[in-house]
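Student: At position 189 of the sequence shown the residue is numbered 819 (the working numbering), and the sequence of numbers has no breaks.
Note that beta-carbon positions come from the ideal geometry of N, C-alpha and C, so glycine has one too.
None of the values given here were measured: they were computed from a predicted structure.
Take a look at this one; I'll ask things after.
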Amino acid sequence: MDWKKLACMLAIASFTFVGCGDDDGTDDGDGDTTMADMGTPEPLDCGECKFVASTLSVPVEEDSSPGTVDGFNLDETVTNEGDATGCGVQDWTAPNGTTGVDNQLARLAPSIETLADLDLSATIEEALGDGSIVLLMQLEGVDSTIDSDVTLRLHLGAFPEGTETPVAVPLAAGGSYDIEMMDVVTANGQIVNGVLDITVPSLPLSIPIDDETSVNLTINNAQVRATVSASGLGNGLIGGSLNIDQLVMTVAAVGGDAIPPETARTVLQGFADLNEDPATMECANLSVGLNFEGTTAVYGE
Numbered sequence: 631m632d633w634k635k636l637a638c639m640l641a642i643a644s645f646t647f648v649g650c651g652d653d654d655g656t657d658d659g660d661g662d663t664t665m666a667d668m669g670t671p672e673p674l675d676c677g678e679c680k681f682v683a684s685t686l687s688v689p690v691e692e693d694s695s696p697g698t699v700d701g702f703n704l705d706e707t708v709t710n711e712g713d714a715t716g717c718g719v720q721d722w723t724a725p726n727g728t729t730g731v732d733n734q735l736a737r738l739a740p741s742i743e744t745l746a747d748l749d750l751s752a753t754i755e756e757a758l759g760d761g762s763i764v765l766l767m768q769l770e771g772v773d774s775t776i777d778s779d780v781t782l783r784l785h786l787g788a789f790p791e792g793t794e795t796p797v798a799v800p801l802a803a804g805g806s807y808d809i810e811m812m813d814v815v816t817a818n819g820q821i822v823n824g825v826l827d828i829t830v831p832s833l834p835l836s837i838p839i840d841d842e843t844s845v846n847l848t849i850n851n852a853q854v855r856a857t858v859s860a861s862g863l864g865n866g867l868i869g870g871s872l873n874i875d876q877l878v879m880t881v882a883a884v885g886g887d888a889i890p891p892e893t894a895r896t897v898l899q900g901f902a903d904l905n906e907d908p909a910t911m912e913c914a915n916l917s918v919g920l921n922f923e924g925t926t927a928v929y930g931e
């Protein structure tokens, strides 16, 4: 199986969580903050507001902070191990204290690493460095630290012809990138106290694997958060959920016969934690979350 290709595909799917929606914000678990609750807006100048994802990483549980992993409370429920909700899968607590965090990718990643005999973080870093993953993020309508109407445009990019690879990761500020697929996603959201905040209930995607194959995935309850500044997008977090049936088909499309579908289903179903069927007490979806940083970029053709 081409594990690097699968990692790239899942990273792109995760990043395109922010879809064609017109939602007025997301709740990060700290309360129902509205624009009216905010203080005085300050000017926010991010130049052309063109960025590239300079790092991508799967949040992990540290030995020093057991039970703590970054992510969103996607089902607005706090599930403890064995509870009737969330298929009894224990939720995390985020580093900022948010409870009920749904991010099974943090638990699934070690299983993927064992099954594939790889270092997932190193695989993602390699993909960033050789140009397999070039995610370009462009913000429009940014005026201040409190802004009720901003637009995020996501493009799939590539290194310019002749670029010597691998390049250093994190990707350097001010680098030039070509646009291979423009406006893969266009999303409306808001900025609250300098933090970009977007939620989209559902987003259908068709992600090309090669010249002949595309994978169809629907991202549910997609959310994104990042601090916006002139130098980039900081403390980025993306989250949402993926359907188990679609994930099994994705593994088959990428890996062929390397992993039988029944094996993939058994592994993935063991981590499913959202969209529970009361009749079967099984969850149909798997929660995911990724951290990212973005730095300034120049876009070519």
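What's the C-alpha gap between Thr728 and Gly759?
Tutor: Stepping through the sequence shown from its first residue, residue 728 is reached at position 98. Stepping through the sequence shown from its first residue, residue 759 is reached at position 129. Answer to the nearest angstrom: the Cα atoms are 33 Å apart.
Student: CA-CA distance, Val822 and Asp808?
Tutor: Within the sequence shown, the letter at position 192 stands for residue 822. Within the sequence shown, the letter at position 178 stands for residue 808. Their Cα atoms are separated by approximately 31 Å.
Student: By a C-beta neighbour count over all protein chains shown, 10 Å radius and 16 as the cutoff for buried, is Thr926 buried or exposed?
Tutor: Working through the sequence shown from its first residue, we reach residue 926 at position 296. So Thr926 ends up on the buried side.
Student: For my contact list, Leu920 and Cys913 are in at a C-beta cut-off of 8 Å; report their separation, rounded to the angstrom.
Tutor: The count along the sequence shown starts at 1 and reaches residue 920 at position 290. The count along the sequence shown starts at 1 and reaches residue 913 at position 283. 20 Å between Cβ atoms; not a contact.
Student: Since Ile809 sits in a beta bridge, which residues does DSSP pair it with?
Tutor: In the sequence shown, residue 809 corresponds to position 179, counting from 1. Partner(s): Gly787.
Student: Which residue comes first and which comes last in the alpha helix (DSSP H) that contains Val897?
Tutor: The sequence position of residue 897 within the sequence shown is 267, counting from 1. That run of the alpha helix (DSSP H) goes Pro891 to Gln899.
Student: Check for me: the beta strand (DSSP E) holding Gly870 runs from which residue to which?
Tutor: The count along the sequence shown starts at 1 and reaches residue 870 at position 240. Start and end: Gly862 to Asn873.
Student: Using 8 Å for Cβ pairs, my map puts Ala802 next to Gly677. What's the rounded Cβ distance?
Tutor: Position 172 of the sequence shown, counting from 1, holds the residue named residue 802. Position 47 of the sequence shown, counting from 1, holds the residue named residue 677. Not a contact, Cβ separation roughly 16 Å.
Student: Straight-line CA distance for Thr781 to Thr857?
Tutor: Numbered from 1 along the sequence shown, position 151 holds the residue referred to as residue 781. Numbered from 1 along the sequence shown, position 227 holds the residue referred to as residue 857. Their backbone Cα atoms lie some 15 Å apart in a straight line.
Student: Among Ala752, Asp907 and Asp875, whose alpha-carbon lies nearest the alpha-carbon of Glu892?
Tutor: Taking the sequence shown and counting its residues from 1, the one referred to as residue 892 is at position 262. Nearest option by C-alpha distance: Asp875.
Student: Rounding to the nearest angstrom, what Cα-Cα distance links Phe901 and Leu738 in this structure?
Tutor: Sequence index remark: in the sequence shown, residue 901 carries index 271 (1-based). Sequence index remark: in the sequence shown, residue 738 carries index 108 (1-based). The alpha-carbon atoms of Phe901 and Leu738 are separated by roughly 7 Å.
Student: Looking at C-alpha atoms only, which residue of Asp675, Thr715 and Pro725 is the closest neighbour of Pro692?
Tutor: Here residue 692 corresponds to residue number 62 of the sequence shown, with the count starting at 1. According to the sequence provided, residue 692 is Glu. The question's Pro does not apply to it. Taking only the C-alpha atoms, the option nearest Glu692 is Pro725.
Student: Here's the rule I'm using: 16 or more other beta-carbon atoms within 10 Å means buried, otherwise exposed. How should Val719 be labelled?
Tutor: What you label residue 719 is simply residue 89 of the sequence shown in a count that begins at 1. Val719 comes out buried.
Student: Since Ala927 is in the alpha helix (DSSP H), which residue starts that stretch and which ends it?
Tutor: As a working note, residue 927 is residue 297 in the sequence shown. Not the alpha helix (DSSP H): Ala927 falls in the beta strand (DSSP E), residues Glu912 to Tyr929.
Student: Between which two residues does the alpha helix (DSSP H) harbouring Thr744 extend?
Tutor: Against the sequence shown, residue 744 aligns to sequence position 114. Counting along the chain, the alpha helix (DSSP H) containing Thr744 begins and ends at Leu735 to Ala746.
Student: Roughly how many whole angstroms lie between the Cα atoms of Asp705 and Lys680?
Tutor: In the sequence shown, counting from the first residue as 1, residue 705 sits at position 75. In the sequence shown, counting from the first residue as 1, residue 680 sits at position 50. Between Asp705 and Lys680, the C-alpha separation is close to 32 Å.
Student: Tell me the DSSP secondary structure of Ile754 in three-state form.
Tutor: One-based indexing of the sequence shown puts residue 754 at position 124. In this structure, Ile754 counts as helix in the three-state DSSP scheme.
Student: Could you tell me the alpha carbon to alpha carbon distance between Val918 and Met767, rounded to whole angstroms?
Tutor: Numbered from its first residue, the sequence shown carries residue 918 at position 288. Numbered from its first residue, the sequence shown carries residue 767 at position 137. If you take the alpha carbons of Val918 and Met767, they lie about 20 Å apart.
Student: Taking only the alpha-carbon atoms, compute the straight-line gap between Ala882 and Arg895 and give it to the nearest angstrom.
Tutor: Working through the sequence shown from its first residue, we reach residue 882 at position 252. Working through the sequence shown from its first residue, we reach residue 895 at position 265. Those two C-alpha atoms are separated by around 11 Å.
Student: Can you tell me where the beta strand (DSSP E) holding Ser762 begins and where it ends?
Tutor: The residue you call residue 762 lines up with position 132 of the sequence shown. Run containing Ser762: none; DSSP gives neither H nor E here.
Student: Residues in its own chain within less than 6 Å of Phe789 by CB, not counting five upstream and five downstream?
Tutor: Here residue 789 is taken as the residue at index 159 of the sequence shown, counted from 1. Counting only Cβ-Cβ distances below 6 Å, and skipping sequence neighbours, we find Gly761.
Student: Can you tell me where the beta strand (DSSP E) with Val797 in it begins and where it stops?
Tutor: In the sequence shown, the residue the question calls residue 797 occupies position 167. That residue, Val797, is in no beta strand (DSSP E); it is neither H nor E in DSSP.
Student: What does the alpha-carbon distance come out to for the pair Gly655 and Val772?
Tutor: Looking up residue 655 in the sequence shown gives position 25. Looking up residue 772 in the sequence shown gives position 142. Residue confidence for Gly655 is low, a pLDDT of 40 falling below 50, so the modelled location carries little weight and cannot support an answer.
Student: With hydrogens ignored, establish whether the beta-carbon of Ile849 is closer than 6 Å to any heavy atom of the ligand FMN.
Tutor: Ligands in the displayed structure: none, and consequently the ligand FMN is not present.
Student: Quick check: the Cα distance between Ser684 and Val799, rounded to an integer number of angstroms?
Tutor: For the purposes of this step, residue 684 is identified with residue 54 of the sequence shown, where counting begins at 1. For the purposes of this step, residue 799 is identified with residue 169 of the sequence shown, where counting begins at 1. Near 7 Å, if we compare the C-alpha coordinates of Val799 and Ser684.
Student: Quick check: what's the CA-CA separation for Val731 versus Met811?
Tutor: For the purposes of this step, residue 731 is identified with residue 101 of the sequence shown, where counting begins at 1. For the purposes of this step, residue 811 is identified with residue 181 of the sequence shown, where counting begins at 1. Going from the Cα of Val731 to the Cα of Met811 covers about 33 Å.
Student: Looking at C-alpha atoms only, which residue of Gly697, Thr848 and Gly712 is the closest neighbour of Ala736?
Tutor: Locating residue 736 in the sequence shown gives position 106, where the first residue counts as 1. Checking every option, the nearest Cα to that of Ala736 belongs to Gly697.
Student: Pull the bridge partners of Thr816 from the DSSP assignment, please.
Tutor: The count along the sequence shown starts at 1 and reaches residue 816 at position 186. Paired residue(s): Arg783.
Student: Per DSSP, what kind of secondary structure is Val881 in: helix, strand or coil?
Tutor: For the purposes of this step, residue 881 is taken as residue 251 along the sequence shown, with counting starting at 1. Helix at Val881.
Student: Going straight from the alpha carbon of Cys717 to that of Val897, what length do you get?
Tutor: As a position in the sequence shown, residue 717 is number 87, starting the count at 1. As a position in the sequence shown, residue 897 is number 267, starting the count at 1. Cα to Cα, the separation comes out at about 15 Å.
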